[in-house]
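These notes concern the structure reproduced below.
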């Protein structure tokens, strides 16, 4: 079962994803896409870590998400990817060729993965379109990615103020 | 039947509107409010055009939307306006007097139009309120416009990650 | 009954809250958190005031919301707080110590208040994460606050284009 949890900044999307992973009864592998490049991001990562059960295996992978998912996915496992937004941001910073390759690899892999996969991602497209060309590109690619991932997912949930709204539920 | 499709950047709102127009069984007239003033906007317009059926009649009207709708609307036609956001932006750039005149003309016309009308618009008010006074004005007028158009529409749909949520459905 | 009305800029959230207060049949006390520090904010405040019934008692309280709620709440009263966003912004400007104290005081008071309480707040976390550290902090604290208040509320509603979506309804 593949699932996408969308929400704004501090909307409770990660907490919901973690709750679903914990309740799955499966072995949980947490795949973090964040890199602690500055103090603020380091604090955010620490804040997330403190909330997770100690026995969850944690993998940090900022770029090669498709390969990591293929290596880790198993029928008795729940993979929790937090979050697609930072992965996209990392990829756009790494150049168009790698971005396009990894994007397509993720979408191709997605349909084939065994077990349960939960993606967390930030909705960023509902404010004023920002001035910078790069930010606008990020905003556009984020929207495109969400559409493509949502199309491959069995469930899509939008979280606001910690409260889930179901956008798609196929099983 | 009047319909408003709201969504963020690359949320799939235009694709949904085009699908509904195609499925209407009516003659479709596509009313584009965009002007290709720079290369990036030119690309976005070309991207949208490539997706539309060749037999749809296309009209470009950046400002006088009410008059265009009144000329084009007919019982056997579906008019697809993509999008209100650019029309609003064009109008705010053209001065307060024209803006207020065209805004009121649209809302007055809306209640009278025969056939099917589908409006696409960007939700832009769910991020941090921007610093610039003009941007804040745009954000406010966008919200006011959506409220007024939604009140006149039979259906209002919010699209996230390509997935529609029904906000209003009267018939 | 405690209720949170969330929405974007000019989404119709205040109008919905005022309608609910008017329909409550209770004595309404309107608690404004805005301070008219500049002409634009003065106009917004005047715009809101013009819409409210004259017989509503109005209190302006930019910072000490918990104390005001505790003083004013009564079984036969409906308190309408418009809005949490400005209160949060005022508090963050007043320093971390006061902010943390008032935030905790509000959440502690919330569970105990008699009568009906309606909070209005802006959803600001669904756009691009802004560059400034203070704005990012505001965005994060806003999301945290909404989660905490929503958890204590019986009803939570999200307003888009004047149309309500129910996120939570316990009674």
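Protein chains in written order, with this note's numbering: chain E, 1 to 171; chain U, 1001 to 1171; chain G, 2001 to 2171.
Glycine included, C-beta positions come from ideal geometry on N, C-alpha and C.
Note that the structure is predicted; figures quoted are calculated from it, not measured.
Am I right that residue i and residue j are in contact with their C-beta atoms under 8 angstroms? What's the rounded C-beta distance?
{"i": "residue 1033 of chain U", "j": "residue 1062 of chain U", "result": "6 angstroms"}
{"i": "residue 2014 of chain G", "j": "residue 2129 of chain G", "result": "Between residue 2129 of chain G and residue 2014 of chain G the Cβ distance is about 26 angstroms, and since that is not below 8 angstroms, they are no contact."}
{"i": "residue 2159 of chain G", "j": "residue 2016 of chain G", "result": "6 angstroms"}
{"i": "residue 2167 of chain G", "j": "residue 165 of chain E", "result": "7 angstroms"}
{"i": "residue 1132 of chain U", "j": "residue 126 of chain E", "result": "So it is not a contact: roughly 19 angstroms between Cβ atoms."}
{"i": "residue 1151 of chain U", "j": "residue 2162 of chain G", "result": "6 angstroms"}
{"i": "residue 73 of chain E", "j": "residue 117 of chain E", "result": "7 angstroms"}
{"i": "residue 79 of chain E", "j": "residue 69 of chain E", "result": "6 angstroms"}
{"i": "residue 1010 of chain U", "j": "residue 140 of chain E", "result": "5 angstroms"}
{"i": "residue 88 of chain E", "j": "residue 145 of chain E", "result": "6 angstroms"}
{"i": "residue 2053 of chain G", "j": "residue 2075 of chain G", "result": "Contact doesn't hold; Cβ gap of about 21 angstroms is too wide."}
{"i": "residue 83 of chain E", "j": "residue 122 of chain E", "result": "6 angstroms"}
{"i": "residue 2003 of chain G", "j": "residue 2155 of chain G", "result": "4 angstroms"}
{"i": "residue 2115 of chain G", "j": "residue 2169 of chain G", "result": "In fact, because the Cβ distance is near 19 angstroms, the residues do not count as touching under 8 angstroms."}
I'd like to know if residue i contacts chain U, where contact means its C-beta is closer than 8 angstroms to some C-beta of that chain.
{"i": "residue 168 of chain E", "result": "yes"}
{"i": "residue 2139 of chain G", "result": "yes"}
State yes or no: is the beta carbon of residue i nearer than 8 angstroms to at least one beta carbon in chain E?
{"i": "residue 1131 of chain U", "result": "no"}
{"i": "residue 2006 of chain G", "result": "yes"}
For residue i, return the contacting residues in chain E, with the cut-off set at a CB-CB distance below 7 angstroms.
{"i": "residue 1009 of chain U", "result": "125, 129, 139, 140 and 143"}
Name the chain U residues whose beta carbon is nearer than 7 angstroms to that of residue i?
{"i": "residue 1962 of chain G", "result": "Coverage of chain G is limited to positions 2001 through 2171, which leaves residue 1962 of chain G absent and any answer about it impossible."}
Run down chain E in chain order and give the residues with a C-beta less than 9 angstroms from the C-beta of residue i.
{"i": "residue 1135 of chain U", "result": "128"}
Tell me residue i's beta-bridge partners as DSSP assigns them.
{"i": "residue 1032 of chain U", "result": "U/1060 and U/1082"}
{"i": "residue 1004 of chain U", "result": "U/1119 and U/1156"}
{"i": "residue 1077 of chain U", "result": "U/1027"}
{"i": "residue 2166 of chain G", "result": "G/2157"}
Give the residues from the region 1147 to 1165 of chain U that approach chain G closer than 8 angstroms (Cβ to any Cβ), ordered along the chain.
1147, 1149, 1150, 1151, 1156, 1158 and 1165
The region 88 to 108 of chain E: which residues have C-beta closer than 7 angstroms to a C-beta of chain U, in chain order?
none
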